[in-house]
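>
Residue numbers (the numbering used here): 203 to 253.
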């Protein structure tokens, strides 16, 4: 995924990242889901560089 989904609630939530075969790579939780997911896609994110 090169960009976050168009809509994410600004509420608590659980998320997961999957590889191209559907295997779970990472499971996370956040108090503010939209804010946390957007951090993964920010220019300086180490996660994005490793993906």
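We put the CB at the ideal spot given by N, CA and C, even for glycine. From a predicted model like this one, the values you see are computed outputs, not experimental measurements.
Using CA atoms only, rank isn't needed, just tell me which of 246, 240 and 209 is closest to residue 232.
By 1-based counting over the chain shown, the position of residue 232 is 30. The candidate whose alpha carbon is nearest that of residue 232 is 240.
> Per DSSP, residue 216 forms a beta bridge with which residues?
Taking the chain shown and counting its residues from 1, one reaches residue 216 at position 14. Looking at the DSSP assignment, residue 216 forms a beta bridge with 231.
> Alpha carbon to alpha carbon, how far is residue 217 from residue 243?
Sequence index remark: in the chain shown, residue 217 carries index 15 (1-based). Sequence index remark: in the chain shown, residue 243 carries index 41 (1-based). If I take the Cα positions, the gap works out to 14 Å.
> What's the C-alpha gap between residue 220 and residue 229?
Within the chain shown, numbered from 1, the residue matching residue 220 stands at position 18. Within the chain shown, numbered from 1, the residue matching residue 229 stands at position 27. Roughly 9 Å separates the two Cα atoms.
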